[in-house]
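**Student:** Next up is a structure, given as C-alpha cells.
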Amino acid sequence: MDARILLVEDDPSIREVTALGLGAAGFDVVTTEDGVEGLERFRAETFDLVLLDVMLPRLDGYEVCRQIRRTSTVPVVMLTARADTMDVVVGLEAGADDYVRKPFEVPELIARIRAALRRAGAMADDPAALRLGPLSIDVAGRTVARDGAEIPLTRTEFDLLLELVRHAGQVLTRDVLLDRVWGYDYLGDSRLVDVAIQRLRSKIEADPAAPALVHTVRGSGYKAVR
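Take the sequence shown: its letter number 183 is residue 182 in numbering that gives the first Met the number 0, and every next letter is one higher.
What follows is the structure, given as C-alpha cells:
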C-alpha cells in the first residue's frame, strides 16, 4: 500500500517512532510538528490520509481537522492522550474518521490506518438512491437530504447511515458496525459507535431525544426503521 500520509505531531519522539514504523510498513510519510505547518503542507500537497495529534502548538488538531473538512474528504485519524467521551464527540464533530489513544502500539495504528484507507477507497454496490423515512440518500454523490434540505454528514456518519439503511429492520451489533464501518473489530472501541450514532441522530432525527429513524435495541445494538 503506497499511500501518502501526513503526520502532524509535536512530540519529537512519538513523531520519529511513528514515522519510522509507518515507513517500514510501506507508507510514504511526511511529518510536521504544529497545526499551522500541518495545514499548510496539506493545502500544498496531496495526501491519502492525515494522522493528526489533538494537542498541537499554534492550532489544535480539532481546528486543523475542521479546516481540512472544508475542502476535502481525505480520511483523518486523530491521536489523543485524552479518551473522555466528550473528546471523541468533538473529534467526530470536527470530521475525524477515527481516533487512536496514546500510548499506542505502531501495529495497532497501522491497522487503523489501513482500515480507514480501505473504507475511503471502497466502491459500494448500492442502488443510486435509498430512502429512510423522510431521508433521501444519494449513494454515488454521498449526500443526504431531509424534505429536500441537504444534511451535512461526515464521511463516517454517511457510511454508518448507509450501513444501517442497507440492513433496515435488522439489528446490527456494535461489533458488526465497527467491522463494517470502521473496518476493524477487536481493535475497536464500542464508544466510537455510540458517539457516532448520537452525532448522526442529532443531524437526521426530527427529535434526537426520541429517535424515529435509528433505534437502540437494548443489549444488542442499533437498527434503522423505515
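From the three backbone atoms N, C-alpha and C, an ideal C-beta is built for every residue, glycine too. These numbers were taken from a predicted model, which means no experiment stands behind them.
Closest to G60 by CA distance: which of T45, R69, A93 is it?
**Tutor:** For the residues T45, R69, A93, the minimum Cα distance to G60 belongs to A93.
**Student:** Could you check whether the region 104-112 touches the region 28-40, counting it as contact only if at least three pairs of C-beta atoms, one from each stretch, sit closer than 8 angstroms?
**Tutor:** At 8 angstroms Cβ cutoff, the stretches do not touch.
**Student:** Could you give the first and the last residue of the continuous alpha helix (DSSP H) run that contains D193?
**Tutor:** First-last of the alpha helix (DSSP H) with D193: 189-203.
**Student:** In chain order, what residues of the same chain have a beta carbon less than 7 angstroms from the beta carbon of I150, not counting five sequence neighbours either side?
**Tutor:** Cβ within range, chain order: V143, A144, K202, I203.
**Student:** Looking at the secondary structure, which residues open and close the beta strand (DSSP E) in which S135 lies?
**Tutor:** Residues 134-137.
**Student:** Quick check: D96 and R141, are their CB atoms within less than 8 angstroms of each other?
**Tutor:** Going by C-beta atoms, D96 is not nearer than 8 angstroms to R141.
**Student:** For A43, report the span of its alpha helix (DSSP H) as first-last.
**Tutor:** Counting along the chain, the alpha helix (DSSP H) containing A43 begins and ends at 34-43.
**Student:** Between V76 and G34, how many whole angstroms is the CB-CB distance? I'm expecting something under 8 angstroms.
**Tutor:** Contact doesn't hold; Cβ gap of about 15 angstroms is too wide.
**Student:** Can you tell me whether V7 is helix, strand or coil according to DSSP?
**Tutor:** Three-state result, V7: strand.
**Student:** Under three-state DSSP, which class holds R57?
**Tutor:** Three-state DSSP puts R57 in coil, outside helix and strand.
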